[in-house]
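Remember, our numbering sits 3 above the position in the sequence shown when you count from 1.
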Amino acid sequence: GSAGRMELHLNRKDLYQVTCVTGRSLGLLPASDKKKCHKVVVGGDNGVVTCFRIKKGEAIEEYATGNLDYPVKTLFVGGPAEKRDRIFYTSAQTIRGVNKKGKEFFRFNTDGTEMLRGLHIEDTRIWTTGEYMFNYYLDTKDAGYYMAPDRINDLLMVPILNQVDLNPVLGCQDRHVRVLDVAKLHFEAFVDGAVTSLCKFNSKQMSEILSKAGEKEVLYGTDNGLVGQLHCDSKSVRPGWVVPNVRGLGSVTCVTSFDLGKSGQQDVIVARDDGEIQVLSLDQSGEPQEAFSKGVNECVQGIEVGKVTTSQYDELVVATYSGKILSFTTEPTQERAVEGGLSPVRGGMVE
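Below, the structure is given as structure tokens:
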């Protein structure tokens, strides 16, 4: 029921405009210190990666890489664990890496035939997905591959089979989530829709952390608008909750997780191809309830959480198909701040 329902109030700000975005190519660069904000990076259909920051409400472009013949289909913010400030991105079959100043330091042509649509890089290890092919490279040499029975729509890396080694998790068109051990199929889980998006999740309460130490949670979104949870450990993948698509919303393009409501519990953030953006908060029984929902009237291609316009408040940073970069911030508006911020506000967002 709606008793004790979480309600989040987020306010929209329009940040920047780039060219058309059709890839999963939005990222945030970590702040260099507590007082600073995240920088935004986004790859467009002209092959350009643009980096900008917001200063006193104004966008300042830091750099833009050169035009390429093919769209940026995926972008990954990586680098050494202590400072993830390197940007890796794909255009056709080539992976490029640029440093925080936008200078290219890495280029690798994978020689595949498929457009690269998924990418993860740690040290000298590279994992990629194309249309059907998953590839693993070590020092830019082939170290394994797997051909999926249907299209691979998303790639997620999670340590499932042990606590250290990353396992590739593939979200596939044939309604399966597949977990690989290096490059061999280890588990597959059938779900109720073509899997379009994946993310890590952690719903564990403090009391469960030890008893469920080996268990990892993965969230998935589907083309028919479902969002669901999978419990994974070294022995099995088990289904958790599924949020039915009762309002007939669009296909899920992105799903991510973050404690936006500052409840000590991660929220589920969902974006869709009809422009709907939702935040789902887990209730007392661990079931997700909608805490926020707003439409942007066009396909959402990327969603990240960070502090972009102010270092005090978390924001949802959104990239749309037409290249708009928007923020939905948890920062209270003037009117609400005057009311004391705690009184419930009826209705939707303040525009």
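Just so it is clear, CB atoms sit at the ideal spot from N, CA and C, and this is done for glycine as well.
Same chain, Cβ closer than 7 Å to residue i, neighbours up to 5 away in sequence not counted
| i | result |
| --- | --- |
| Cys23 | Gly47, Asp48, Tyr324, Ser325, Gly326 |
| Ile356 | With the chain represented from 4 up to 354, any question about residue 356 goes unanswered, as that position is not in the structure. |
| Met136 | Gly115, Glu117, Tyr148, Met150 |
| Leu345 | Reliability fails at Leu345, whose pLDDT of 42 lies under 50, so the model's placement of it is uncertain and no value is given. |
| Val194 | Arg178, Val180, Tyr223, Thr225, Gly231 |
| Gly264 | Met9, Leu11, Asp270, Ser284, Ala294 |
| Asp168 | Pro162 |
Member of the options whose CA lies at the smallest distance from the CA of residue i
| i | options | result |
| --- | --- | --- |
| Thr259 | Lys203, Trp244, Ser314, Gln232 | Lys203 |
| Lys59 | Ser28, Lys16, Leu31, Glu85 | Lys16 |
| Gly231 | Asn300, Thr77, Thr199, Leu141 | Thr199 |
| Asp145 | Val172, Val185, Gly174, Asp168 | Val185 |
| Gly89 | Asp142, Thr25, Leu71, Ala34 | Looking at the sequence shown, residue 89 is not Gly but Arg. Comparing Cα positions, the closest option is Ala34. |
| Gly50 | Val282, Leu31, Tyr73 | Tyr73 |
| Phe295 | Ile306, Val271, Tyr316 | Val271 |
| Thr256 | His189, Gly305, Ser266, Ser239 | Gly305 |
| Gln292 | Gly298, Arg87, Val246 | Val246 |
| Pro152 | Asp36, Glu191, Tyr140 | Glu191 |
| Leu119 | Phe91, Glu318, Asp126, Phe109 | Phe91 |
| Arg87 | Asp126, Lys297, Val75 | Asp126 |
| Val75 | Leu29, Ser266, Lys297, Ile328 | Leu29 |
| Ile280 | Ser266, Ala84, Gly298 | Gly298 |
Beta-carbon gap between residue i and residue j smaller than 7 Å
| i | j | result |
| --- | --- | --- |
| Leu285 | Gln268 | yes |
| Ile124 | Gly81 | yes |
| Ile98 | Phe111 | yes |
| Val311 | Cys54 | no |
| Val303 | Ala274 | yes |
| Thr143 | Leu122 | no |
| Gly278 | Asn248 | no |
| Ile155 | Thr131 | no |
| Gly228 | Leu201 | no |
| Lys38 | Ser237 | no |
| Leu31 | Val282 | no |
| Gln166 | Ala197 | no |
| Phe391 | Leu13 | Residue coverage of the chain in this structure runs from 4 to 354, which leaves residue 391 outside it and unanswerable. |
| Ala1 | Val45 | Residue 1 lies beyond the stretch modelled for the chain, which goes from 4 to 354, so this question has no answer here. |
| Gln96 | Thr77 | no |
| Val240 | Val172 | no |
| Gly219 | Cys235 | It should be pointed out that residue 219 corresponds to Lys in this sequence rather than to Gly. Yes; because the gap between Cβ atoms is below 7 Å, this pair is in contact. |
Sequence-distant residues of its chain with Cβ nearer than 8 Å to residue i (five each side left out)
| i | result |
| --- | --- |
| Gly289 | Ser206, Trp244 |
| Asn170 | Met160, Val161, Pro162, Ile163, Leu164, Val182, Leu183, Asp184, His189 |
| Ala340 | Legend: pLDDT at Ala340 = 49, less than 50; position of this residue unreliable, no value from coordinates given. |
| Ile63 | Phe55, Arg56, Ile57 |
| Asp317 | Phe261, Leu263, Val308, Gly309, Lys310, Thr332, Thr333 |
Residues near residue i in its chain [Cβ-Cβ closer than 6 Å; skip 5 each side]
| i | result |
| --- | --- |
| Leu71 | Gly50, Ser94 |
| Asn138 | Thr131, Tyr148 |
| Val21 | Val45, Gly47, Thr53, Gly326 |
| Lys42 | Leu32, Cys54, Arg56 |
| Asp276 | Gly253, Ser254, Thr256, Cys302 |
| Phe109 | Gly100 |
Proximity test, residue i beta-carbon vs the ligand PLP heavy atom, cut-off 6 Å
| i | result |
| --- | --- |
| Lys103 | Absence of the ligand PLP from the depicted structure is noted, as is the absence of any ligand whatsoever, leaving it without description. |
Sufficient close CB pairs (3 or more, under 8 Å) joining the segment 91-111 to the segment 64-72: yes
Report the start-end ranges of each beta strand (DSSP E) in the segment 164-219 that is 3 residues or longer and not cut off at the edges. 170-175, 179-184, 187-193, 198-204
Which parts of the segment 111-139 are runs of the beta strand (DSSP E), unbroken and 3 residues or longer, counting only runs that do not cross its ends? 121-125, 128-132
Can you list the beta strand (DSSP E) stretches of 3 or more residues lying completely in the segment 277-338, in chain order? Within the segment 277-338, the complete beta strand (DSSP E) runs of at least 3 residues fall at 279-285, 291-298, 303-309, 318-323, 327-332.
Starting from the N-terminal side, write out each stretch of the beta strand (DSSP E) that is 3 residues or longer and does not extend beyond the segment 22-49. Whole beta strand (DSSP E) segments, 3+ residues: 29-32, 42-46.
What are the uninterrupted segments assigned as beta strand (DSSP E) that are 3 or more residues long and contained completely in the segment 212-276, given in chain order? Taken in chain order, the unbroken stretches of beta strand (DSSP E) that lie wholly in the segment 212-276 and span 3 residues or more are 219-225, 230-235, 240-246, 255-261, 270-275.
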